[in-house]
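Chemist:
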Amino acid sequence: MPATKQELSLLINPLVPESVQHNNRVLSQLHSLTSFLLGLTAGILALQSATGFAFYLLGTVLVSGLFHLLVLRRSGGKGAGVFFPGAGGEIAGIDERGLVKGNGGRRGAWRDVWLGGGVLGEALSGFILGWAGVGGVLR
Numbered sequence: 243m244p245a246t247k248q249e250l251s252l253l254i255n256p257l258v259p260e261s262v263q264h265n266n267r268v269l270s271q272l273h274s275l276t277s278f279l280l281g282l283t284a285g286i287l288a289l290q291s292a293t294g295f296a297f298y299l300l301g302t303v304l305v306s307g308l309f310h311l312l313v314l315r316r317s318g319g320k321g322a323g324v325f326f327p328g329a330g331g332e333i334a335g336i337d338e339r340g341l342v343k344g345n346g347g348r349r350g351a352w353r354d355v356w357l358g359g360g361v362l363g364e365a366l367s368g369f370i371l372g373w374a375g376v377g378g379v380l381r
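Going by the working numbering, the first residue of the sequence shown is number 243, and it counts up by one from there.
1) Residue range of the alpha helix (DSSP H) that PRO259 falls in?
2) Is the shortest distance between the beta-carbon of LEU289 and the beta-carbons of chain C less than 8 Å?
3) Within a Cβ cutoff of 7 Å, which residues of the same chain sit near VAL324, ignoring the five residues on either side of it in sequence?
4) Can you tell me where the alpha helix (DSSP H) with ARG381 in it begins and where it stops?
5) Can you give the Cα-Cα distance for ALA365 and GLY281, rounded to whole angstroms?
6) Of the choices ILE286, GLN263 and VAL355, whose alpha-carbon is the least far from that of GLY377?
7) I'd like the list of long-range same chain contacts for LEU314, defined as Cβ closer than 7 Å, with 5 residues on each side in sequence excluded.
8) At a cut-off of 7 Å, is PHE309 close to the ligand MG when judged by its beta-carbon and the heavy atoms of the ligand?
9) Where SER274 and ALA296 are concerned, what is the direct C-alpha to C-alpha distance, given to the nearest angstrom?
10) How many Å lie between LEU304 and PRO327 at the Cα?
11) Looking only at its chain, what residues have a beta carbon closer than 6 Å to the beta carbon of TYR298, apart from the 5 residues adjacent to it on each side?
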């Protein structure tokens with residue numbers, strides 16, 4: 243029975259579950275902290291309604307972009323697939339010579355960096371807490 247793509251990817255580029263959990267935890271803490279700081283800043287600047295949420299989205303994109311650049315630098319240009327499993331943990335594919343396509347990156351691993359860590363969940367609630375808290379105190 244031939245190996246599946248996921249089994250091949252784990253043989254070629256193994257990911258240790260404890261390391262993946264640590265990476266996800268660091269990413270979650272980064273997004274939570276920056277979201278809360280963005281909320282405090284939005285409250286101090288007295289941003290309201292759509293302007294405040296646009297500020298959150300722009301700040302989150304900036305932080306995720308900087309983190310992605312750091313991941314690219316640390317992986318030697320191979321991408322987020324070195325540190326994060328991506329969609330199903332599969333590699334991008336194997337060419338006709340048996341080599342891994344795309345520098346060994348896993349398919350969809352960039353989503354873990356940009357959307358992982360609770361960007362639209364727990365980090366957003368931290369933003370709203372900081373935004374409303376500081377905004378209410380300053381008024």
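The beta carbon of each residue, even a glycine, is placed where N, CA and C say it ideally should be.
Treat the numbers as computed from the prediction; the structure is a model and nothing was measured.
Modeler: Walking through what the data contain:
1) Residue range 259 to 286 is occupied by the alpha helix (DSSP H) that includes PRO259.
2) Judged by its chain identifiers, the structure shown contains no chain C, having just a single protein chain.
3) Counting only Cβ-Cβ distances below 7 Å, and skipping sequence neighbours, we find SER317.
4) Premise fails: ARG381 is in no alpha helix (DSSP H) and is neither H nor E.
5) 10 Å
6) ILE286
7) GLY321
8) Within the structure as shown, the ligand MG is missing, as the structure has no ligands at all.
9) 17 Å
10) 23 Å
11) Counting only Cβ-Cβ distances below 6 Å, and skipping sequence neighbours, we find LEU280 and PHE369.
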